[in-house]
Amino acid sequence: MTASQREAVAIPLLALAGAAVLFGLFCAWAGASPAGVFASIYKAGFGSWYSWQNSLLRAAPLMLCGLTTALPARAGVITVGNEGAFVVGGLAAAASGLATASTAPWLSLLLMMIAGSAAGGAWLALAAGLQHYRGVNAVISSLLLNYLAIALLLQLVEGPMRDPGSLNFPATHPIPPSHQLGRIAGTRVHYGLIFGVIACLLIWFLLERTVWGMEVKIAGGNARTAKLAGLPIGRIVLVASFLGGACAGLAGMVEVAAIHGRASQAISAGYGYVGILVAFLSRQSPLRILLVSVLLGAVLASGGILQRDHELPDATITVFEGIAFLAILASEALSGRFGFRRAAAQPASVKTVEAANARP
Amino acid sequence: MPGPDTLRFAGIATALLGGAIRGSIPYMFVSLGECLTEKSGRVNLGMEGILLMGAMTAFGVSEWTGSPWLGALAAAAVSGLLGLLHGGLTELPGVNDIAAGIAMIILGSGLAFFFGKQFTAPMAPQLPVLDLGGGIGNTAARAALRISPLFFLGIAAGFALHYAFEHTRWGLHLRAVGDAPEAARSMGIPVRRHRIAATAIGGALAGIGGSHLTLYFPGIWSEGISGGQGLMAVALVIFAGWSPRRCLAASLLFGGAQALGPSLQSAGVTGLYHVFNASPYLLTLVVMIASCSRTRAMAGMPGALARRG
């Protein structure tokens, strides 16, 4: 491993350890035993095959939603429209699933995937495009689009798309069971996990092994260089954010087609928001998203047991997420200070500049 | 004799006015706090989380001590601490303030929901209200003129900030820090101290806005109580061109947009309830698209933010 690779592993691990210590202190302060809480999280996430399946079920949407923030970020645009893209993806999938209920199941599922991805992709590309072409901060616009997506969902499932039979809990008509997404043989885990793994591998390949990926990284690294090199930055940003949004839209499709069987307010379960954290903990790297999603899937799966065994409210998980997020950001300050990058690795000009800066 | 349609329209208009005044208060305090923060050259996107923490703290302290004013004060203190955390964190090398803001939203809402779970009372002791329309017979108009003292406090804070920016040494230094940090540093102005102080005070202001949510309108605690108002207030600062006085006017506009859905519903227009309720988000998006530009720096934008592109 090179020095910077060692650093890229050591610093996030240190940050997570720091976050665990802070979270442990928080739990102790709230009157729960930190060791007990960590044991419970491990038990709920990885204690048995049953809990592994629970974690993987939650990891599937997290992989897709992690890519949603990570891919545009690699092109230089931070977006947090994951929840909105997820919701419009689910909505579009439900609409196309209901419209094609009389066709062959595989065709209907394929159309649902396409519709969900396209809707999610367009939703996020809107935010990124507004930043690129109008200078509208994409974090703000994509968060606003989340609220708008949920309003659209509520308006449609309580209005034109409502199943009159869904009395107390407005929802669309159900998609016929034969047209729903199945489970991986011998498990309770649906095919969404496979979608998530394939998406992470595919986007890793696009970023690391294609010319387009190179262009994305140049645009994200230094927009001026990219412009001087004649790269079409606008198109790169739009395609990257469309693909990112398509991942969240696909996750929304899975939520409708594999879990609920219909669209309702319940599909907005917050996976999009956790996906933002997944992306930042993974430092926007698709392969790390695979790993981090499983870890956070386990943390999400432990919400119930923390409530039952430790009398901690389910928001405890959100507190942990916030602490982990801040710790990973603060750890950026450590990069280059560990002695992993000894002087030899640095070109002479860098040293001169640093020496000049060090002078009072 | 006015016809029924005229009466109905007058009813909607009065409800809108009252709603705009009531609803503008969180926008006012958060946008003034954000305006102060951004004048120092930092963005705090975490206002949504800070607003929620303020709302939760105000409810808890007001219920615990029986004094709503203590609740509002505690909200300012706790939210000020969160602002301090954001300000300190973003001074670390390599820490992006946009990403830190997203983290603050998650941490603030997590902490607020965690402690808010313990509340059992439906309402905490509420802030007093000024009954300015005491002698008016019309009940709708009278309701619209029952105004929270925080409304006037917010207006005073807006004018005070304007005065501080334009006419005090501290304001001048703060603007120098935000416009040209290098130049300010070479003049001997402590850049870091100014930024952290501005971010902390900005957080405290947002906390007062949060206390309005739980101690006056809607006057209860629920996890969805802020509904993105902290975020929209951040967008509003851009729309207001980083001017505290224009933040006040824009807050009234946003308060009015927020009152649109409930006012129409109370007048019997219920068909597009969720769409009308989403109008503040739509309005924010539209004003952002209208007031932003990729090529020119916006008038009033602190230089440190403009150069970042």
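These protein sequence lines map, in sequence, to chains A and B. Just so we're aligned, residue 1 is where the first sequence starts under the numbering used here, counting upward by one. Just so we're aligned, residue 361 is where the second sequence starts under the numbering used here, counting upward by one. Ideal placement from N, C-alpha and C gives every residue a C-beta, glycine not left out. If you're wondering where the values come from, they're calculated on a predicted model, not measured in any experiment.
Check                                                                                                                                                                         : Outcome
Can you tell me the Cβ-Cβ gap for A:ASN82 and A:GLY272, rounded? I've got them flagged as a contact below 8 Å.                                                                : 3 Å
Check whether the segment 644-652 of chain B and the segment 412-429 of chain B are in contact - that is, three or more C-beta pairs closer than 8 Å.                         : no
So if DSSP puts A:SER264 in a beta bridge, which residue, or which two residues, is it bridged to?                                                                            : A:ALA171
Which same chain residues end up closer than 7 Å to B:ARG502 when comparing Cβ atoms and leaving out the 5 residues on each side of it in sequence?                           : GLY493, ILE496
Which bits of chain B does A:TYR147 rub up against, with CB to CB less than 7 Å?                                                                                              : GLY588, ALA638, TYR641
Are there 16 or more other CB atoms within 10 angstroms of the CB of B:ILE466, so buried, or fewer, so exposed?                                                               : buried
Buried or exposed: B:THR528, going by 16 or more other Cβ atoms within 10 Å of its Cβ?                                                                                        : exposed
Which residues in chain B have a C-beta closer than 8 Å to the C-beta of A:GLY141? List them in chain order.                                                                  : Note that residue 141 of chain A is Ser in the sequence shown, not Gly. Going along chain B in sequence order, the residues near A:SER141 (Cβ under 8 Å) are LEU645, MET648.
Cβ closer than 7 Å: which chain B residues qualify as neighbours of A:PHE23?                                                                                                  : Going along chain B, no residue has its Cβ under 7 Å from A:PHE23, so there is no contact; the nearest lies around 11 Å.
Who are the near neighbours of B:THR670 in its chain, counting only those whose CB is closer than 7 Å to its CB and skipping five residues on each side?                      : Lying outside 361 to 669, the shown extent of chain B, residue 670 of chain B is not represented and no answer is given.
Name the chain B residues whose beta carbon is nearer than 7 Å to that of A:TYR368?                                                                                           : Residue 368 of chain A is absent from the structure shown; chain A starts at 1 and stops at 360.
B:ILE580 by DSSP, collapsed to three states: which one?                                                                                                                       : coil
Enumerated in chain order, which unbroken segments of the alpha helix (DSSP H) with a length of 4 residues or greater are wholly contained in the segment 287-329 of chain A? : 303-310
Using only alpha-carbon positions, find the residue among B:THR655, B:MET407, B:GLN589, B:SER571 that is nearest to A:TYR147.                                                 : B:GLN589
CA-CA distance, A:LEU25 and B:PHE475?                                                                                                                                         : 16 Å
Which residues in chain B have a C-beta closer than 7 Å to the C-beta of A:VAL136? List them in chain order.                                                                  : MET648, ILE649, CYS652
Using a Cβ-Cβ cutoff of less than 7 Å, which residues in the same chain neighbour A:ALA125 once the five nearest sequence positions on both sides are dropped?                : LEU238, SER241, PHE242, GLY245
Which chain A residues sit within Cβ distance under 8 Å of B:VAL455?                                                                                                          : LEU329, ALA330, GLU332, ALA333
Assuming B:GLY401 contacts B:ALA664 under a Cβ cut-off of 8 Å, what Cβ separation, rounded to an integer in Å, is found between them?                                         : 3 Å
Using the beta-carbon count (16 or more within 10 Å), is A:GLU7 buried or exposed?                                                                                            : buried
Anything in chain A within Cβ reach of B:ILE458, meaning under 7 Å, just list it in chain order.                                                                              : ILE78, VAL139
Please report the straight-line C-alpha distance between B:PRO550 and B:THR450, rounded to a whole angstrom.                                                                  : 16 Å
So what's B:ARG668 in DSSP terms, helix, strand or just coil?                                                                                                                 : coil
Taking the alpha-carbon positions, what's the A:ILE317 to A:GLY230 distance?                                                                                                  : 46 Å
At a Cβ cut of 7 Å, what residues of the segment 312-325 of chain A count as close to chain B, listed as they run along the chain?                                            : PRO313, ALA315, THR316, THR318, VAL319, GLU321, GLY322, ILE323, PHE325
Find the residues of chain E that neighbour B:LYS399, judging by a C-beta separation of less than 8 Å, and give them in chain order.                                          : Absent from the structure: chain E. Protein chains present are A and B.
If you pair each beta-carbon of the segment 451-460 of chain B with each one of the segment 606-615 of chain B, do three or more pairs fall below 8 Å?                        : no
Starting from A:LEU152, follow its DSSP beta bridges and name the residues at the other end.                                                                                  : Note: A:LEU152 sits in no beta bridge, so no partner.
With a 10 Å radius around its C-beta and 16 neighbouring C-beta atoms as the bar for buried, classify A:PRO164 as buried or exposed.                                          : exposed
Is any non-hydrogen atom of the ligand SAH found closer than 7 Å to the C-beta of A:THR172, if you look at the structure I gave you?                                          : In terms of ligand content, the structure shown is empty, and the ligand SAH therefore cannot be addressed.
Assuming contact is defined by CB atoms lying nearer than 8 Å, are B:LEU573 and B:SER586 in contact in what I supplied?                                                       : yes
Mind checking whether A:ALA92 and A:VAL157 have CB atoms under 8 Å apart?                                                                                                     : no
So which of B:SER508, B:ALA370, B:GLU398, B:PRO482 has the shortest CA-CA distance to B:LEU596?                                                                               : B:GLU398
Could you list which residues in chain A have their beta carbon closer than 8 Å to that of B:VAL594, in chain order?                                                          : ILE140
Taking C-beta pairs closer than 7 Å, name the residues in chain B that A:PHE280 reaches, listed in chain order.                                                               : ALA459
Cα-Cα, which of B:ASP365, B:LEU471, B:ALA520, B:GLY461 is closest to B:PHE389?                                                                                                : B:ALA520
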